[in-house]
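Worksheet: the structure to be examined is printed underneath.
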Amino acid sequence: MKHKSDIEIAQEAVIKPIREIAGQLDILEDEIEQYGKYKAKLSLDLLKRKQDAPDGKIILVTAINPTPAGEGKSTVTVGLGQALNLLGKKAVIAMREPSLGPTMGIKGGAAGGGYSQVIPMEDINLHFTGDLHAITAANNALSALLDNHIHQGNEKGIDPRRITWKRVMDLNDRALRNVIVGLGGPVNGTPREDHFDITVASEIMAILCLASGLDDLKKRLADIVVGFTYSKEPVTVGELGFQGALALLLKDALKPNLVQTLEHTPAIIHGGPFANIAHGCNSLLGTKMAAKLGDYVVTEAGFGADLGAEKFLHIKTRAGGFEPAAVVIVATVRALKMHGGVKKDQLQEPDKEAMLAGASNLAKHIESIQQFGLPYTVAINRFTSDADEEIEALLDWCAAHSHPAALSEVWEKGGAGGMELAEKVIQTIAENKNQFSHLYDLADSIEAKVEKVAKTVYGAKAVEFSSKAKKQLKEYDGYGWSNLPVCMAKTQYSLSDQPELIGRPEDFTLTIRELKPSIGAGFIVCLTGDIMTMPGLPKKPAALGMSVNADGKAAGLF
145 MKHKSDIEIA QEAVIKPIRE IAGQLDILED EIEQYGKYKA KLSLDLLKRK
195 QDAPDGKIIL VTAINPTPAG EGKSTVTVGL GQALNLLGKK AVIAMREPSL
245 GPTMGIKGGA AGGGYSQVIP MEDINLHFTG DLHAITAANN ALSALLDNHI
295 HQGNEKGIDP RRITWKRVMD LNDRALRNVI VGLGGPVNGT PREDHFDITV
345 ASEIMAILCL ASGLDDLKKR LADIVVGFTY SKEPVTVGEL GFQGALALLL
395 KDALKPNLVQ TLEHTPAIIH GGPFANIAHG CNSLLGTKMA AKLGDYVVTE
445 AGFGADLGAE KFLHIKTRAG GFEPAAVVIV ATVRALKMHG GVKKDQLQEP
495 DKEAMLAGAS NLAKHIESIQ QFGLPYTVAI NRFTSDADEE IEALLDWCAA
545 HSHPAALSEV WEKGGAGGME LAEKVIQTIA ENKNQFSHLY DLADSIEAKV
595 EKVAKTVYGA KAVEFSSKAK KQLKEYDGYG WSNLPVCMAK TQYSLSDQPE
645 LIGRPEDFTL TIRELKPSIG AGFIVCLTGD IMTMPGLPKK PAALGMSVNA
695 DGKAAGLF
């Protein structure tokens, strides 16, 4: 039987005016700004009014290492939120905004799938309310102001060879990774090497997602280090006086966005940093608003638990002063078979042995969440092609290892397909003591923090720092930056820094090639392996299948 595509399901859905969705929550008339009939921004005054209200329980959805077979973490996030509401719980979903890079590249959008989607799906996956464009504009305004400062006399003595700030755009464009700017003679600026990142890797994206309000946003923007002087001293946005203009460009983007699911569960979608090169979590303001509006918050962090969840637990919880009530770890039979060595074109054939071999990847992620002291549930996200004996074998594996687990069929059945999972999560929260603690202290050295993450979360036997990274460790310690958390930039496909090492690699050495200061965001980025901060497009990008019909309806989005 041919299934409807995600976009067909979304376009056939009955969508309520966004004011009706706001009416389900304690949101006042003057706390909502509509962007058309079905999208709205929420005023930060809402948080001030509800600052003394109790917080709902935060459920973090994470996953195994992704494979081309698909895991469906966003789909489970949406479906679990819908299921909780079907059980009579007041649930609000908090998710990231999609980036045009993967939407038009290979991964596709990030609005869920099947009958567990957030809508209007076309808007969310394209320009939405313009937040990512505002971040792009603010980032590139800083680049323009910085180059103008150098052109107009360079009062701060910035060394053009040591500028660390990069331009950005919200598309995959490998040709812009390394560029030369300022060519064409003296009137066109100072020639220098420059680089482009994708917008979702920008420090301004991370700042927007970790800021607690406008004042904090301005402070964080002022703390951005743009480069170094000829005497190798860091130069900040605050020293240059640019933070006010940048905050002005971001004042509306800072407000979280309210939409709905196919079943009209409220969803706050705000911010979208990648988890393999940034910190991978939706905005702190979005999560906090959801917690003030619902009894349960279902949120997700990008890629596997080695990336998004680790950063959620080490970076976001510290910035927000909260902790999750439980973690859901999403796995699929298909993905586990790939981790067990099955090729993508052979996934239709039942193979319990390969799946159970691949379960070593799931086991490592479970161990990591246990190390944080958090209750957890495994969500087995069912694909319609999965064989019953494979599902039973995976459930038996979970039971044999005393891992709470439940089947999720939310892609096919919406909230009704997540009832078992929702009940299991509620039970897990009620019956297990939350003993959350961080794996490292902020007082630890950068080197010690990296080693703790690498050995405890990835399973590395050792960490090796390049000569450049070793030099940076000493410099950063001298600048007083050692007390910040680390944000690991690592491939999503493997627990290691080598994407081809699937399953549960052991006895590997993690290599740190370079450090980057993200002082405004409040962390040090550690680049491992060959990770790229500006992705490229595949041979046949998803954009080739996209179009719009005569009625203005999008086609080819997924």
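In this text, residue positions in the sequence shown follow my numbering: the first is 145, and each later residue adds one.
Even for Gly, the Cβ is constructed at its ideal location relative to N, Cα and C.
Since we're looking at a predicted model, the values are computed, not measured.
So PRO410 is in the alpha helix (DSSP H); what residue range does that whole segment cover?
-> Segment 410-413 is the beta strand (DSSP E) holding PRO410; no alpha helix (DSSP H) there.
Boundaries of the alpha helix (DSSP H) in which MET563 is found, first to last residue = 563-575
Identity of the residues DSSP links to ILE208 by a beta bridge | For ILE208, which the question treats as bridged, DSSP gives no partner whatsoever.
Return helix, strand or coil for TYR620, following the three-state DSSP convention.
-> Helix.
Could you check what DSSP says for ASN322 in three-state terms: helix, strand or coil?
-> coil
Going straight from the alpha carbon of GLU644 to that of ASN298, what length do you get?
-> So the two alpha carbons sit approximately 46 Å from each other.
3-residue-minimum beta strand (DSSP E) runs that sit fully inside the stretch 178-235, ordered along the chain | You should have 184-186 and 201-207.
Under 6 Å Cβ to Cβ from ALA166, same chain only, skipping five residues before and after it: list those, please.
-> ILE176
What residues in its chain sit with their C-beta under 7 Å from that of GLU553, if we drop five residues either side in the sequence?
-> Only ARG526 and GLY561 meet the Cβ criterion.
Can you name the residues that DSSP bridges to GLU444?
-> VAL205
Would you say VAL441 and GLY200 are within 8 Å of each other, going by their C-beta atoms?
-> Yes.
From what residue to what residue does the alpha helix (DSSP H) around GLN387 run?
-> 387-394
Which residues in the same chain have their Cβ closer than 7 Å to the Cβ of ALA566, if we skip the five residues on either side of it in sequence?
-> LEU224, ALA227, LEU228 and LEU231
Sequence-distant residues of its chain with Cβ nearer than 7 Å to GLU377 (five each side left out) | Cβ-Cβ distances below 7 Å link GLU377 to nothing in the same chain once the five nearest sequence neighbours on each side are left out.
Residue range of the unbroken alpha helix (DSSP H) whose run includes CYS631 = That residue, CYS631, is in no alpha helix (DSSP H); its beta strand (DSSP E) goes 630-633.
Beta-carbon proximity of VAL472 to VAL220, cut-off 8 Å | yes
Straight-line CA distance for ASP540 to ARG305?
-> 58 Å
If we ignore side chains and look at the alpha-carbon of each, how far apart do THR405 and GLY558 end up?
-> 10 Å
Along the chain, which unbroken stretches of the beta strand (DSSP E) at least 3 residues long are found entirely within the stretch 300-352?
-> 302-307, 311-313, 323-325, 336-338 and 340-342
Determine the contact status of THR211 and MET499, defining contact as a CB-CB distance below 8 Å.
-> Contact flag unset, no.
Backbone secondary structure at GLU454 - three-state DSSP = helix
Provide the residue span of the alpha helix (DSSP H) that contains LEU276, from first to last.
-> It spans 275-295 - the alpha helix (DSSP H) in which LEU276 sits, taken as one unbroken run.
Under the rule that 16 or more other beta-carbon atoms within 10 Å means buried, what is GLU650, buried or exposed?
-> exposed
Cα-Cα separation, ALA475 to ILE668 = ALA475 and ILE668 have their C-alpha atoms roughly 30 Å apart.
In chain order, what residues of the same chain lie with their CB nearer than 7 Å to the CB of ASP189, ignoring the 5 residues before and after it?
-> Counting only Cβ-Cβ distances below 7 Å, and skipping sequence neighbours, we find GLU175.
CA-to-CA distance, ALA537 to GLN351, given in whole angstroms = A small correction: the amino acid at residue 351 is Ile; Gln does not occupy that position in the sequence shown. Cα to Cα, the separation comes out at about 44 Å.
Classify ASP403 as helix, strand or coil using the three-state DSSP reduction.
-> Per the sequence shown, the amino acid found at residue 403 is Val instead of Asp. In this structure, VAL403 counts as strand in the three-state DSSP scheme.
Residue from ASP303, GLU534 and PRO679 whose Cα sits closest to the Cα of ILE342 | PRO679
Tell me CYS425's beta-bridge partners as DSSP assigns them.
-> ALA445
Leaving out five residues on either side along the sequence, give the residues of the same chain with a beta carbon under 7 Å from the beta carbon of PHE580.
-> Counting only Cβ-Cβ distances below 7 Å, and skipping sequence neighbours, we find GLU467, PHE516, GLY517 and LEU518.
Just grab the DSSP bridge partners of GLU608 for me.
-> DSSP lists THR655 as partners of GLU608.
Which residues mark the beginning and the end of the beta strand (DSSP E) in which ILE263 is found?
-> 260-263
Leaving out five residues on either side along the sequence, give the residues of the same chain with a beta carbon under 7 Å from the beta carbon of GLY382.
-> ALA366 and ASP367
How close, in whole Å, do the beta carbons of PRO494 and VAL522 come, if the pair is a contact with beta carbons under 8 Å?
-> That pair is no contact at about 20 Å.
Are the beta-carbon atoms belonging to LEU707 and LYS399 less than 8 Å from one another?
-> Residue 707 is absent from the model: the chain starts at 145 and stops at 702.
GLY448: which of ALA507, ALA282 and ASN269 sits nearest, CA to CA?
-> ALA507
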